[in-house]
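Q: Would you mind keeping the following structure in view while I ask a few things?
Residue numbers (the working numbering): -11 to 119.
Take a look at the structure:
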């Protein structure tokens, strides 16, 4: 389990976060490739009028979360498909928050008419003022 100091982030800490982002993206890409290369149609549901969600979305999201939590179990994660993990920690000062969209452009992914989709992984560090 890695630890990251509060602020500012050192080059070594930024490099470690970058390694984790790359590892998480690779894990998601493995899932996405499996479904994208499959000629069979897969099931999906509509997400509250916000487009489709597929099993590939959910599995890719789980792959990303697993990698992040392996290294940073206390970090908060907002997952586009399934909501918050460790939301209470996100409300505390000096916390890391990850934001995930495992397949941005799911409609294109489902239609397979173009390859305009991607895996989005972002993180931020927030300080909160206490009054």
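Note that beta-carbon positions come from the ideal geometry of N, C-alpha and C, so glycine has one too.
Which residues bound the alpha helix (DSSP H) around residue 99?
A: 94 to 99
Q: Pair every Cβ in the segment 61 to 72 with every Cβ in the segment 8 to 21, then say whether three or more of these pairs are closer than 8 Å.
A: No contact exists between the segment 61 to 72 and the segment 8 to 21.
Q: Please list, in chain order, all residues of the same chain as residue 11 whose beta carbon is under 7 Å from its beta carbon, the five residues on each side excluded.
A: 55
Q: Can you list, in chain order, the residues of its chain whose CB lies under 7 Å from that of residue 106, leaving out five sequence neighbours each side?
A: 92, 93
Q: How would you call residue 74, buried or exposed, if buried means at least 16 neighbouring beta carbons within 10 angstroms?
A: buried
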